[in-house]
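Q: Chains A and B, in that order, are what the protein sequence lines are.
Residue 0 is where the first sequence starts when you use numbering that gives the first Met the number 0, and the numbers rise one by one after that.
Residue 0 is where the second sequence starts when you use numbering that gives the first Met the number 0, and the numbers rise one by one after that.
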Amino acid sequence: MSELKLVDVHKSFGERKVCDGINLTIQEGEMVCLIGSSGSGKSTLLRCMNLLEEIDEGEIFLDGTDISVPGLDPQPVRQQIGLVFQSFNLFPHMTAVENVMLAPRRIYKRRRDELLPDVEALFKKFGLADRMQNYPDQLSGGQQQRVAIVRALAMQPKIMLFDEITSALDPELVAEVLDVLRQLHRQGMTMVLATHEMNFARELADKVCFLDGGKILEEGAPQAIFTHPKHARTQAFLQSIL
Amino acid sequence: MLTARQAHAKRVRKRSTTIAVISTAIVVAFLYLLIPLAPGWPAVKKSFFNTDIFIKTFPTLLDAFVLDVMIFLWCAPLIAILGLVIALCRDARSPALYPLRLFGAIYTDVFRGVPVILIVYLIGFGIPGLGLPRPWNSPYIWGSLALILTYSAYVAEIFRSGIESIHHSQRAAAASLGLSPGDTMRFVILPQAIRRVVPANMNMFIALQKDVALLSFIGPVEILRQAGVYKSLYANFTPYVAAAIIFLLITIPATRFADYLMAKQQRERN
Numbered sequence: 000m001s002e003l004k005l006v007d008v009h010k011s012f013g014e015r016k017v018c019d020g021i022n023l024t025i026q027e028g029e030m031v032c033l034i035g036s037s038g039s040g041k042s043t044l045l046r047c048m049n050l051l052e053e054i055d056e057g058e059i060f061l062d063g064t065d066i067s068v069p070g071l072d073p074q075p076v077r078q079q080i081g082l083v084f085q086s087f088n089l090f091p092h093m094t095a096v097e098n099v100m101l102a103p104r105r106i107y108k109r110r111r112d113e114l115l116p117d118v119e120a121l122f123k124k125f126g127l128a129d130r131m132q133n134y135p136d137q138l139s140g141g142q143q144q145r146v147a148i149v150r151a152l153a154m155q156p157k158i159m160l161f162d163e164i165t166s167a168l169d170p171e172l173v174a175e176v177l178d179v180l181r182q183l184h185r186q187g188m189t190m191v192l193a194t195h196e197m198n199f200a201r202e203l204a205d206k207v208c209f210l211d212g213g214k215i216l217e218e219g220a221p222q223a224i225f226t227h228p229k230h231a232r233t234q235a236f237l238q239s240i241l
Numbered sequence: 000m001l002t003a004r005q006a007h008a009k010r011v012r013k014r015s016t017t018i019a020v021i022s023t024a025i026v027v028a029f030l031y032l033l034i035p036l037a038p039g040w041p042a043v044k045k046s047f048f049n050t051d052i053f054i055k056t057f058p059t060l061l062d063a064f065v066l067d068v069m070i071f072l073w074c075a076p077l078i079a080i081l082g083l084v085i086a087l088c089r090d091a092r093s094p095a096l097y098p099l100r101l102f103g104a105i106y107t108d109v110f111r112g113v114p115v116i117l118i119v120y121l122i123g124f125g126i127p128g129l130g131l132p133r134p135w136n137s138p139y140i141w142g143s144l145a146l147i148l149t150y151s152a153y154v155a156e157i158f159r160s161g162i163e164s165i166h167h168s169q170r171a172a173a174a175s176l177g178l179s180p181g182d183t184m185r186f187v188i189l190p191q192a193i194r195r196v197v198p199a200n201m202n203m204f205i206a207l208q209k210d211v212a213l214l215s216f217i218g219p220v221e222i223l224r225q226a227g228v229y230k231s232l233y234a235n236f237t238p239y240v241a242a243a244i245i246f247l248l249i250t251i252p253a254t255r256f257a258d259y260l261m262a263k264q265q266r267e268r269n
């Protein structure tokens, strides 16, 4: 059972409230999509789940354990919750395969040759078998983002968070990254996406949440949100982008 | 066959080269003709540009310069290591390590704030003055220490600027994988930071090679002191000119190389 549960999460940067009482439950194997305009708090919410940001109030439970307790060591939690960034953030001085193996080598204390078969399988699965020895700047944006996903997966996380991972890509490269998400979803990975890919969210999400001003204004099945948005702000947002 | 545009570009290039050559030639000719007209020129020529003395002293000066190079060679790695340690002290984030941070800040402030020659004097004369037994009263040890302390303060600041120049998203990426802060620094931040500041550090080390000559004030007979000995012997300044030329033989290529690295890095980043 890997379930993530947020209870009344608050987070401010100075005066600005970025998360204003977020309640959200992500069930095992679910794909939850966070939609909303830029600055609505999607990214910050994901960073809070991964403990990159410390929350001001509320609780976050991973499999029933409160991971938002002040003073808790964040490293073991982050090992279980992978995060993929909009700007890839690969380590530019390492080859793709070194990027992927660094964390398992250091944290699980495993040798390269022990890790290699699994890592190779991951590269192969996402169409990157011939790219393992390339440096990030020798890869296209889509390839870099797929390597970043492999890097997070190599830690065998229970949950994966994706922060607008196709927003920095050229349009023709978006599909190859979305395909990776599709595969992961099919295998039952629990995932949370902040995304602007509405067609993708409509097709695959189990639940869509519309964020506005740090609040979840509306959540539900994609059909309900996209075809019959109840809230006026949701209607306006969907109209503006569709 | 050149297109009209290429032919024009070629003409322009040729013309600017010609102008540069002519204007340089005019300036050099003027200097060549005017300087000897100065009333003191014959005396200066005799005491600074004496060919006989130059030929006589140059080989010994070159030998003495080997000592400068050796002092440089044992100081440089220690400076790099100490500089890195101080930079890491200044970057320590946890409150328990605050004393390290404070130490790093004071260290860089003090050693960058005092002229090198003063540090050389204070340490080079002060510590042997404690009456230490041989070999611990050697000016080589304490003179080198003075250079190491001073230069590592500068090098530490260069490393620190490199560490700070790495985008915070790299730290975030490492943290999101569950890497510890120490591993993040060691495997993600430092390798990138050190590479980025190689040209700046090269310039520091070129300056160090020149400042080794300051140790002549506390004893070691390196090139500057050797030149001083000859100056007194022949009552002539030509050995100093010879010493300057020997320094340039090393520093000019090194400076050019640092510039080349800097330009290369600039190109890669764009």
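Using N, Cα and C, we set each Cβ at its ideal position, and we do this for glycine too.
Could you list which residues in chain B have their beta carbon closer than 9 Å to that of A:Ala102, in chain order?
A: Those within 9 Å of A:Ala102 in chain B are Ala173, Leu176, Gly177, Leu178 and Asp182.
Q: Could you tell me which chain B residues have their CB closer than 9 Å to the CB of A:Asn133, listed as they occur along the chain?
A: The contacting residues do not exist; A:Asn133 stays about 17 Å from chain B at best.
Q: Looking at chain B, is there any beta carbon in it that lies within less than 8 Å of the beta carbon of A:Phe125?
A: No, its Cβ sits nowhere closer than 8 Å to a Cβ of chain B.
Q: Would you mind giving the Cβ-Cβ distance between B:Gly82 and B:Ser151, rounded to the nearest angstrom? I have them listed as a contact below 8 Å.
A: Contact holds; Cβ gap of about 4 Å.
Q: Helix, strand or coil for A:Arg105 per DSSP?
A: A:Arg105 falls in the helix class under three-state DSSP.
Q: By the 9 Å beta-carbon criterion, what residues does the segment 76-102 of chain A contribute toward chain D?
A: Absent here is chain D; the protein component of the structure consists of chains A and B.
Q: From what residue to what residue does the beta strand (DSSP E) around A:Lys214 run?
A: Counting along the chain, the beta strand (DSSP E) containing A:Lys214 begins and ends at Lys214 to Gly219.
Q: Could you give the first and the last residue of the continuous beta strand (DSSP E) run that contains B:Lys230?
A: Run containing B:Lys230: none in the beta strand (DSSP E); it sits in the alpha helix (DSSP H), Ile222 to Tyr233.
Q: Compile a chain-ordered list of the residues in the segment 155-173 of chain B whose CB is closer than 9 Å to at least one CB of chain A.
A: So the close ones are His166, Ser168, Gln169, Ala171, Ala172 and Ala173.
Q: Counting only C-beta atoms, is B:Val197 closer than 8 Å to chain A at any point?
A: Judged by the 8 Å Cβ criterion, B:Val197 is not in contact with chain A.
Q: Check whether the Cβ atoms of A:Val96 and A:Gly141 sit closer than 8 Å, and answer yes or no.
A: No, these two residues do not count as a Cβ contact at 8 Å.
Q: Near B:Gly227, which residues of its chain fall below 6 Å by C-beta distance, leaving aside the five closest residues on each side in sequence?
A: For B:Gly227, where only same-chain residues beyond five positions count, there are no Cβ hits under 6 Å.
Q: For a test of the three-state rule: what should DSSP assign to A:Glu58, helix, strand or coil?
A: Here A:Glu58 sits in strand by DSSP.
Q: With a cut-off of 8 Å, does the C-beta of A:Asn49 fall near any C-beta of chain B?
A: Yes, A:Asn49 lies at the interface with chain B (some Cβ there is under 8 Å from its Cβ).
Q: Taking A:Asp211 as the reference, which of A:Ala204, A:Glu202 and A:Ala231 has the closest Cα?
A: Comparing Cα positions, the closest option is A:Ala231.
Q: Using only CA atoms, which one of A:Ala151, A:Gln234, A:Leu203 and A:Gln79 lies nearest to A:Glu217?
A: A:Glu217 has its Cα closest to that of A:Gln234, out of A:Ala151, A:Gln234, A:Leu203 and A:Gln79.
Q: Tell me the rounded alpha-carbon separation between A:Gly57 and A:Arg185.
A: Using only the alpha carbons, I get a separation of about 32 Å.
Q: I'd like the ranges of any beta strand (DSSP E) spanning at least 3 consecutive residues and lying wholly in the segment 65-124 of chain A.
A: Fully enclosed beta strand (DSSP E) runs of 3 or longer: 80-83.
Q: Under 8 Å by Cβ, that's how I've got A:Gln79 and B:Ser179 pegged, so tell me the actual separation to the nearest angstrom.
A: The pair is not a contact, with the Cβ atoms about 16 Å apart (cut-off 8 Å).
Q: Could you give the distance in angstroms between the alpha-carbon of A:Cys32 and the alpha-carbon of A:Asp178?
A: Going from the Cα of A:Cys32 to the Cα of A:Asp178 covers about 16 Å.
Q: How many Å lie between A:Ser239 and A:Cys208 at the Cα?
A: C-alpha separation (whole angstroms): 17 Å.
Q: Cβ closer than 9 Å: which chain B residues qualify as neighbours of A:Ile106?
A: Leu176, Gly177, Leu178, Ser179 and Asp182, listed in chain order.
Q: Can you name the start and end residues of the alpha helix (DSSP H) that B:Ser22 belongs to?
A: Ala3 to Leu33 is the span of the alpha helix (DSSP H), which, as asked, contains B:Ser22.
Q: Taking Cβ positions, are A:Ile54 and A:Val8 nearer each other than 8 Å?
A: Taking 8 Å as the Cβ cut-off, A:Ile54 and A:Val8 qualify as a contacting pair.
Q: Is the beta carbon of B:Thr149 closer than 8 Å to that of B:Arg271?
A: Any question about residue 271 of chain B goes unanswered here, given that chain B covers just 0 to 269.
Q: Helix, strand or coil for A:Gly20, going by three-state DSSP, please let me know.
A: Strand.
Q: CA-CA distance, A:Asp136 and A:Pro91?
A: The straight-line gap from Cα to Cα measures roughly 7 Å.
Q: Which residues share a DSSP beta bridge with A:His9?
A: In the DSSP output, where bridge partners are listed per residue, A:His9 has A:Asp19 and A:Glu56.
Q: Closest Cβ-Cβ distance between A:Gln74 and chain B: below 8 Å?
A: Closer than 8 Å: yes.
Q: For B:Glu221, which residues from the same chain have a beta carbon less than 8 Å from its beta carbon, with the 5 sequence-adjacent residues on both sides left out?
A: Excluding residues within five positions, the ones whose Cβ falls inside 8 Å are Ala63, Phe64, Leu66, Asp67, Ile70, Val211, Ala212, Leu214 and Ser215.
Q: Tell me, please, whether the segment 111-121 of chain B touches the segment 184-193 of chain B by the rule of three or more beta-carbon pairs shorter than 8 Å.
A: Cβ pair count under 8 Å is below three, so no.
Q: CA-CA distance, B:Leu247 and B:Tyr259?
A: One C-alpha to the other measures close to 18 Å.
Q: Note down, in chain order, every chain B residue with its Cβ under 8 Å from the Cβ of A:Met154.
A: Ordered by position in chain B, the residues that pass the 8 Å Cβ test against A:Met154 are Leu176 and Gly177.
Q: Strictly by DSSP, which residues pair up with A:Ala193?
A: The partner list for A:Ala193 (beta bridge, DSSP) reads A:Leu33 and A:Asp162.
Q: Verify whether the separation of the beta carbon atoms of A:Leu114 and A:Arg104 is less than 8 Å.
A: The answer is yes: Cβ separation under 8 Å.
Q: In this structure, does DSSP put A:Lys4 in helix, strand or coil?
A: Of the three classes helix, strand and coil, the one that applies to A:Lys4 here is strand, per DSSP.
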